[in-house]
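Undergrad: Just dropping this structure here.
Dropping the structure here:
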């Protein structure tokens, strides 16, 4: 090969999406240490969940890969927050771990536009013509126009088992030893972050009768619109910590590399280790844990919520203190991994380095946590890298467009001093950017970027024409003096109840279209209010905050009050960019300013 338009370094979830997206434009090189690890799920064997499923639906609508892989290998699906409004409902898909990686490898390694290159990246060097050379440790000089670095948790990585450490990325894989150097040489500020994973336990050593079984939803859902063939095949379970668990942790904190000061990296606030939970939330006498299978015929279960960096001999005791795990055999021990990340404020909204034009970064290297966040960044970076190589401009995805836009905006303008996790609470206008309307919002955008084919755009447009027809049909029919849409807006009514009154919907509506009709009618007032709030927020961005006493704003969160007081932003717009200041805090500031009755417009 004489050269590639794009070389992607790394075959995790970010690298997969980057290579998949870039290959829609031209030939791509995928540089990985071991092709057998492509698509591996090193942490929990699941995709989706609150704030994360919305990302996956958007990636799917943009022509991405993750939703398809998740549906193909699903063994359990549930809609979380199903009793709440559509803005916070989220799909979680439990996957067969090995099958997910195998399916990813089938798709990626067999792709005619993706050349798999086995090796380790040692350096990045400009080629003097606006492109790059990726130098490998064995001396190869691989030419390309753009580079996507998706190194995950591997850059100068160290794993910790108790106070013993070794240089590795995850599960015994070699670290990326040299990639930090060219980034630092260019002026990038690298930080150390830390994450971890729970122990895996032999399934035949667990007493499942002592656990709370959580069945799959009776009507399975999927990210692609078509649930996988085995989406109801396995339950998951729940257990909890005990007083014995907590006492063991308190008695042995000196064995934790985090509490002893051995680990420098900052860990994730919203996915803490079990020892961190026990110390930080000492008033709780138990913590719920989710027991998840690695597959249908698996030999292992995964203890979601029980990540730890304590030594193996203590992990044995801790696991056996849990109900149902009294005779448990740990098959793979938990560990913490410490690694280099770039300061994401040094990137553009398309994940391109401001210091190294043509070099893009995606995934956990940017300080995020989670498969879903990585996949979204990979798709964005891979698309922008490929379009740059062809001298095509790429307009960034805006914050108002959806969860991907919020993710990018937060990373670039706020940054993070801990692993960033997407949550619904980060999204200001989440009623407008739900998982159910991701295709309506994102498919036209994906088509404009060259990621989505004409036929897919036409399919989505036809879907929403049918939805509009369904809404019109409700408005045009009456029963007992009220229109169908008026009946549907009653809290206790659903579409089936309206139809029982003799009001009919078009026969060609499928289940997803019926859901869209119901949401749009039932929440029409709230949706309109959200749109008005979006416009109002746009007008409020320039309101001044100089001299404001944040202690007097009672509805502020403690974190927001602390950070606003320290940084003293001049305007609402600047305040909204501060990490830890959420939409609810901005709303509290706006209400406070309105009560003051003082004009603060610039």
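In the numbering used here, the protein residues as written are 418 to 1019.
All C-beta atoms, glycine included, are put in the ideal place defined by N, C-alpha and C.
Just so it is clear, the structure is predicted and the values come from calculations on it, not from any experiment.
(1) For residue 990, tell me which candidate among 592, 830, 801 has the shortest Cα-Cα distance.
(2) Assess, as a yes-or-no matter, whether the stretch 745-752 is touched by the stretch 662-682 under the definition of 3 or more beta carbon pairs within less than 8 Å.
(3) Consult DSSP for residue 472 and reduce its assignment to one of helix, strand or coil.
(4) Does the stretch 787-801 come into contact with the stretch 554-562, if we say contact requires no fewer than three beta-carbon pairs (one atom in each stretch) closer than 8 Å?
(5) Do residue 512 and residue 458 have their CB atoms nearer than 8 Å?
(6) Work out the CA separation of residue 660 and residue 818 for me, nearest whole Å.
(7) Might you give, ordered along the chain, the residues of its own chain that have their beta carbon closer than 7 Å to the beta carbon of residue 957, omitting 5 neighbours on each side?
(8) With a threshold of 6 Å on Cβ separation, who are the neighbours of residue 599 within its own chain once the five nearest residues in sequence on each side are excluded?
(9) Cβ of residue 476 within 8 Å of Cβ of residue 912?
(10) Put residue 512 into one of helix, strand or coil per three-state DSSP.
(11) Please name the residue in 919, 908, 429, 694 whose C-alpha comes closest to that of residue 893.
(12) Taking 8 Å as the limit between beta carbons, can you name the residues of its chain near residue 716, skipping five residues before and five after?
(13) What runs of the beta strand (DSSP E), each 3 residues or longer, lie entirely inside the stretch 761-812?
(14) Is residue 462 closer than 8 Å to residue 612 when the C-beta atoms are compared?
(15) Check the C-beta distance from residue 799 over to residue 564 and give it rounded, since I have them as a contact under 8 Å.
(16) What does the Cβ neighbour count give for residue 891, buried or exposed, with the cut at 16 atoms within 10 Å?
(17) For the alpha helix (DSSP H) that contains residue 916, what are its first and last residues?
(18) Buried or exposed for residue 430, please, with buried defined as at least 16 other CB atoms from any protein chain shown within 10 angstroms of its CB.
(19) Please report the straight-line C-alpha distance between residue 983 and residue 966, rounded to a whole angstrom.
(20) Taking residue 770 as the reference, give the member of 607, 895, 636 with the closest Cα.
(21) Taking the beta strand (DSSP E) that residue 754 belongs to, which residues open and close that run?
(22) Which two residues bound the contiguous alpha helix (DSSP H) that contains residue 1011?
(23) Evaluate contact between the stretch 861-868 and the stretch 493-503, counting only Cβ atoms and requiring at least three cross-stretch pairs below 8 Å.
(24) Between the Cα of residue 446 and those of 456, 427, 454, 1012, spot the shortest distance and give me the residue it belongs to.
(25) On a Cα-Cα basis, can you pick out the residue from 602, 899, 933 that is closest to residue 543?
(26) Where does residue 887 land, buried or exposed, given buried means 16+ other C-beta within 10 angstroms?
(27) Have a look at residue 466 and residue 506 and give me their C-alpha separation to the nearest angstrom.
(28) Given a cut-off of 8 Å, decide if residue 580 and residue 672 are closer than it, judged by their beta-carbon atoms.
(29) Starting from the C-beta of residue 499, find all residues in its chain whose C-beta is less than 7 Å away, skip the five residues before and the five after it, and write them out in chain order.
(30) Taking DSSP as the reference, what is the three-state secondary structure of residue 452?
(31) Helix, strand or coil for residue 500? Go by DSSP, reduced to three states.
(32) In chain order, what are the residue ranges of uninterrupted alpha helix (DSSP H) at least 4 long that sit wholly in the stretch 956-1001?
(33) Can you tell me the Cα-Cα spacing of residue 1019 and residue 470, whole angstroms?
(34) Could you tell me whether the stretch 925-942 touches the stretch 878-886, using the rule of 3 or more Cβ pairs below 8 Å?
(35) Specify the secondary structure class of residue 733 as computed by DSSP and reduced to three states.
(36) Counting Cβ pairs closer than 8 Å, one from the stretch 846-858 and one from the stretch 936-951, do we hit at least three?
TA: On the basis of the data shown:
(1) 830
(2) In this structure the stretch 662-682 does not lie against the stretch 745-752, because fewer than three pairs of beta carbons, one per stretch, are closer than 8 Å.
(3) helix
(4) no
(5) yes
(6) 46 Å
(7) Around residue 957: 989, 1007.
(8) Closer than 6 Å at Cβ, skipping near neighbours: 540, 541.
(9) no
(10) strand
(11) 919
(12) 619, 620, 621, 748
(13) For the stretch 761-812, whole beta strand (DSSP E) runs of length 3 or above, ordered along the chain, are 776-778.
(14) The Cβ-Cβ distance between residue 612 and residue 462 does not fall below 8 Å.
(15) Going by Cβ atoms, the distance from residue 799 to residue 564 rounds to 11 Å, so no, they are not a contact pair.
(16) buried
(17) It spans 912-917 - the alpha helix (DSSP H) in which residue 916 sits, taken as one unbroken run.
(18) buried
(19) 12 Å
(20) 607
(21) Run containing residue 754: 752-759, per the beta strand (DSSP E) assignment.
(22) 1000-1013
(23) no
(24) Checking every option, the nearest Cα to that of residue 446 belongs to 427.
(25) 602
(26) That one is buried.
(27) 9 Å
(28) yes
(29) Closer than 7 Å at the Cβ level, and outside the excluded window around residue 499, lie 506.
(30) Residue state for residue 452 is assigned as helix, using DSSP reduced to three classes.
(31) coil
(32) With a minimum length of 4 residues, the continuous alpha helix (DSSP H) runs that stay inside the stretch 956-1001 are 975-984, 989-993.
(33) At residue 1019, the pLDDT of 42 sits below 50, so the modelled position is not reliable; the number obtained from the coordinates is stated separately. Answer to the nearest angstrom: the Cα atoms are 39 Å apart.
(34) yes
(35) In the three-state reduction of the DSSP assignment, residue 733 falls in the helix class.
(36) Yes, the stretch 846-858 is in contact with the stretch 936-951.
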